[in-house]
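As structure tokens, the structure follows; a few thoughts come after it.
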Amino acid sequence: MLSLQKAANILGAFSAEQPEWGVRALAAHLNVPRATAHAYLAGLTEAGFLRRTPAGKYRLSWHLAEMGAQLTAALPWFPEARALITRLALEVRSVAFLCILEGEEVVAAIRERHPDADIDLPLDVYLPATATASGKILYAHADLTPRAFSACTPSSITSMDEWRTEVAKVRRLGYAYSIEEWVPGQCTLGVPYHALTHPDALPGDSVVAAIGVQMSAQRYLREERHIRERVLQIVREAEHLA
């Protein structure tokens, strides 16, 4: 298990901001001996998870993309949801996202950004559940209690009483928002996405994801009602057609 965790840590070091690592730099980044970093990089390359560049550095292999495609292919609702994210980004002119639960982790599975969006495309994959609209939606519908609270900004929820009040509001309203609770100056609006998880499931049987938009808090507060109604309409139309 320890070896698997080390391998996972090495794979997790690769990102859009840092797509390439050399042995020395990765060893320093992970605070492990160079020999250890080299052994794991070589092993992961042999297993097909990494590839070595002509310059002697390492990048993620396309084998991981193939595995990702197999993962999404196992979700019958995913292609329609991806098209929905594209539509949201285009019509709301913002960043649009789809988040799912992986155990207790909130994972940003899809993001798209309209060229006119007033924020950059976020790169975080694992999101703070208690500070994001998607986290509130997913935890509320899965009836999960957070183990801890992420104090990302002064506006973040930091107590169980605040959390219970927020979850009750999310269930009552049917949507969630996070105004400068995760990123200063930004807001996310999220709604539950219902889809069939298997052929025998009933329509609307399960909340499989949180879908929504992200933008500057200034724009959201200025256009809140219009944005909320448009997002709810688009998502409900998509659920009806699915």
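According to this note's numbering, the residues represented by the sequence shown are -14 to 227, in order. By construction, the Cβ of each residue, glycine as well, lies at the ideal position given by its N, Cα and C atoms.
Exposed unless 16 or more other CB atoms sit within 10 angstroms - verdict on residue i
| i | result |
| --- | --- |
| Y205 | buried |
| A127 | exposed |
| Y43 | buried |
| L26 | buried |
| L35 | buried |
| E166 | buried |
| L(-13) | Interpretation of L(-13) is limited by its pLDDT of 46, a score under 50 that renders its predicted location unreliable; no figure is taken from the coordinates. |
| E224 | buried |
| P113 | buried |
| M200 | buried |
| Q(-10) | exposed |
| G(-3) | exposed |
| Q171 | buried |
| T150 | exposed |
| K38 | One point to set straight first is that residue 38 is Thr, not Lys, in the sequence displayed. Its Cβ having fewer than 16 others within 10 Å, T38 is exposed. |
Distance between beta carbons of residue j and residue i, contact taken as under 8 Å
| i | j | result |
| --- | --- | --- |
| A81 | E97 | 5 Å |
| S119 | A102 | No, S119 and A102 are not in contact; Cβ-Cβ is about 17 Å, not under 8 Å. |
| A195 | G175 | 5 Å |
| R72 | I212 | Between I212 and R72 the Cβ distance is about 14 Å, and since that is not below 8 Å, they are no contact. |
Short Cβ contact (9 Å threshold) for residue i with residue j
| i | j | result |
| --- | --- | --- |
| V92 | Y160 | no |
| Y178 | W62 | yes |
| A116 | S144 | no |
| L29 | I(-5) | yes |
| S140 | I164 | yes |
| V168 | C137 | yes |
| A(-8) | V8 | no |
| A125 | R156 | yes |
| I104 | A94 | no |
| H99 | L75 | yes |
| A12 | P18 | yes |
Start and end residues, beta strand (DSSP E) containing residue i
| i | result |
| --- | --- |
| G175 | Q171 to A180 |
| Q199 | S191 to S201 |
| S163 | A161 to I164 |
Residue interval of the alpha helix (DSSP H) (run including residue i)
| i | result |
| --- | --- |
| E65 | F63 to V77 |
| R156 | M145 to L158 |
| A136 | It is not in any alpha helix (DSSP H) - A136 carries neither H nor E in the DSSP assignment. |
| G(-3) | L(-13) to G(-3) |
- Message: As an exercise, report each continuous alpha helix (DSSP H) stretch of at least 4 residues that is fully enclosed by the region 12 to 46, in chain order.
- Response: 19 to 31
- Message: At 3 residues or longer, what runs of the beta strand (DSSP E) sit wholly inside the region 78 to 140?
- Response: 80 to 87 and 90 to 98
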